[in-house]
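Take the numbering used here: the final residue in the sequence shown is number 459, and no numbers are missing along the way.
All residues carry an ideal CB built from backbone N, CA and C; glycine is no exception.
Source: prediction; values computed, not measured.
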Amino acid sequence: MSNSNRQIILKLRPFGRPTAKDFGMRTVPVAELGEGDVLVRALYMSLDPYMRGRMDDAKSYAACFSLNEPMQARVVGQVVRSENGAFAAGQLVIGMLDWADFSVVAGAKGLRVIDDQTVPLPYYLGALGMPGMTAWIGMEIGASKPGETVFVSAASGAVGQIAGQIGRLKGCHVVGSAGSDDKVNFITSALGFDAGINHRTQSDLLAALRETAPNGLDVYFDNVGGRTLEAALDHANIGARIVVCGMISQYNLTREETPGVRNLTHINRKRMRMEGFIVSDHVHRFDEFAAEMAGWLKSGAVKYRVDVTDGLENAPAAFLSMLEGGNFGKQVVQIGSKV
């Protein structure tokens with residue numbers, strides 16, 4: 121094993137849209153292990169929109185990244201050395217590790233062994249990981265019923281893919297929006313959505329919703345905010361539920377650049393419920409989620425697409441592209457291969 125370790129660090133805090141200059145790469149020796157520690161070699165690393173908020177020096181539900189230190193992400197890796205009796209060399213694990221070739225996990229905190237290898241390893245960062253559970257919890261909050269209409273934005277992304285398919289499993293009419301014709305074709309042809317909208321070419325989103333969801337919206341699973349949220353509020357039915365998962369259209373905007381949503385009065389007039397959530401608040405239900413999701417994946421009831429970028433050095437570019445909708449499916453970076 122090489123003793124050198126490449127790390128991606130946060131060099132600068134972005135103001136508005138981040139750029140490649142905000143990231144840096146350095147090579148350092150692999151750190152020594154203390155009692156209870158585990159050394160993990162990265163195989164696949166997750167890139168997620170919430171990381172954009174961690175680049176800022178602002179209080180939020182996740183601690184901000186430290187300047188000139190490695191960024192962190194969910195990583196599927198393989199144990200190289202262990203000073204912890206619960207882990208052995210060669211085991212596949214998942215945990216919150218550095219953007220790096222190797223990470224020393226102090227006290228094995230948060231590290232979990234991957235026992236079931238009958239599904240692709242990147243799924244543990246997507247359908248069987250935080251994004252999948254986010255969709256699962258969010259759709260539970262939406263409380264959709266058979267025959268209702270569900271609208272999912274960013275429907276070909278890490279969370280949206282799963283949210284829409286859960287809606288279909290519940291017997292709902294499901295409409296998704298995505299950023300290209302290929303993505304719209306994917307959600308309708310491969311995932312079973314009833315209809316799709318290309319939000320980049322459709323200037324009148326409300327008209328598109330009226331066409332694809334003629335009975336109005338009962339649940340809107342919001343991943344983007346902005347004008348899509350406005351259109352959904354306009355088309356929502358009385359008693360509709362708005363599930364606020366994320367607002368990626370806003371993440372790279374300064375406060376001055378961020379447009380306000382102009383029709384929030386619909387929440388009162390239509391007696392709607394609009395609820396935000398953070399998946400980490402529901403971590404106690406992970407085993408319940410994982411069992412159900414694994415069953416769906418293995419039976420073929422749920423399908424999942426992963427967008428793999430090769431090489432740690434390409435992680436910053438892949439992250440920036442994802443924030444602009446350049447990914448097609450759950451964005452991961454392959455750093456190494458299982459031995």
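Requested in this report: Apply the 10 Å Cβ neighbour rule to Ser-124 and answer buried if 16 or more other Cβ atoms are within range, or exposed otherwise.
Outcome: An exposed status is given to Ser-124, since fewer than 16 other beta-carbon atoms sit within 10 Å of its beta-carbon.
Requested in this report: Can you give me the start and stop residues for the beta strand (DSSP E) that Thr-429 sits inside?
Outcome: 426-430
Query - C-alpha distance - Ala-356 paired with Pro-266, whole-angstrom precision - result: A direct Cα-Cα distance of roughly 17 Å separates Ala-356 from Pro-266.
Requested in this report: Identify, in the order they occur along the chain, each residue of the same chain with its Cβ nearer than 6 Å to the Cβ of Gly-173, setting aside the five sequence neighbours on each side.
Outcome: Ser-180
Query raised in the report: According to the neighbour-count rule (16 or more other Cβ atoms, all chains shown, within 10 Å of its Cβ), is Gly-252 buried or exposed?
Result: buried
Query - Beta carbon of Ser-300 nearer than 8 Å to that of Thr-348 - result: no
Query raised in the report: Taking DSSP as the reference, what is the three-state secondary structure of Pro-149?
Result: strand
Requested in this report: Quick one: give me the first and last residue of the beta strand (DSSP E) that Arg-201 is part of.
Outcome: 192-202
Query raised in the report: What's the call for Leu-187, buried or exposed, on a 16-neighbour Cβ count within 10 Å?
Result: Per the 10 Å Cβ criterion, exposed.
Query raised in the report: Is the CB-CB distance between Gly-312 and Arg-288 below 8 Å?
Result: Judged by their CB atoms, Gly-312 and Arg-288 are nearer to each other than the 8 Å cut-off.
Query raised in the report: For Gln-281, which of Ala-310, Val-148, Ala-228 has the nearest alpha-carbon?
Result: Ala-310
Query raised in the report: Contact check, Ile-286 vs Gly-296 under 8 Å by CB: the rounded distance?
Result: Going by Cβ atoms, the distance from Ile-286 to Gly-296 rounds to 12 Å, so no, they are not a contact pair.
Query raised in the report: How about Phe-341 and Gly-449: do their beta carbons lie closer than 8 Å?
Result: no
Report task. May I ask which residues mark the beginning and end of the alpha helix (DSSP H) holding Asp-301? Result -> 301-309
Query raised in the report: When DSSP labels each residue in this structure, what does Met-367 get in the three-state scheme?
Result: Looking at Met-367 - three-state DSSP - the assignment turns out to be coil, as it is neither helix nor strand.
Query - Beta-carbon separation (whole angstroms), Arg-232 vs Ile-214, contact threshold 8 Å - result: 5 Å
Query raised in the report: Buried or exposed: Phe-271, going by 16 or more other Cβ atoms within 10 Å of its Cβ?
Result: With 16 or more neighbouring CB atoms inside 10 Å of its own CB, Phe-271 falls in the buried class.
Query - Length-filtered (3 minimum) beta strand (DSSP E) runs lying within the region 192-262 - result: 192-202, 212-218, 222-225
**Report entry** Option nearest Thr-238 by Cα separation, candidates Gln-192, Gly-291, Lys-418, Ala-162
**Finding:** Lys-418
Query raised in the report: Start and end of the beta strand (DSSP E) containing Arg-393?
Result: Following the DSSP letters along the chain, one finds Arg-393 inside the beta strand (DSSP E) bounded by residues 393-396.
Report task. My understanding is that Gly-456 touches Leu-163, with C-beta atoms under 8 Å, so please give their C-beta distance in whole angstroms. Result -> 5 Å
Query raised in the report: First and last residue of the alpha helix (DSSP H) that includes Leu-329?
Result: 325-332
**Report entry** Limits of the alpha helix (DSSP H) - the one that Leu-159 falls within
**Finding:** That residue, Leu-159, is in no alpha helix (DSSP H); its beta strand (DSSP E) goes 158-166.
Query raised in the report: Would DSSP call Ala-183 helix, strand or coil?
Result: coil
Query - Own chain partners of Gly-227 with C-beta closer than 6 Å, once the 5 adjacent residues on each side are dropped - result: Gly-156
Query raised in the report: Is DSSP giving Ile-387 helix, strand or coil here?
Result: helix
Query raised in the report: Going by alpha carbons, who is nearest to Pro-334 out of Val-294, Arg-425, Leu-373, Pro-190?
Result: Val-294
Requested in this report: Go through its chain and collect everything with a Cβ distance to Thr-147's Cβ below 6 Å, but skip five positions before and after it.
Outcome: Ser-124, Arg-126
**Report entry** Closest residue to Pro-242 among Gly-446, Glu-444, Asp-430 (Cα-Cα distance)
**Finding:** Asp-430
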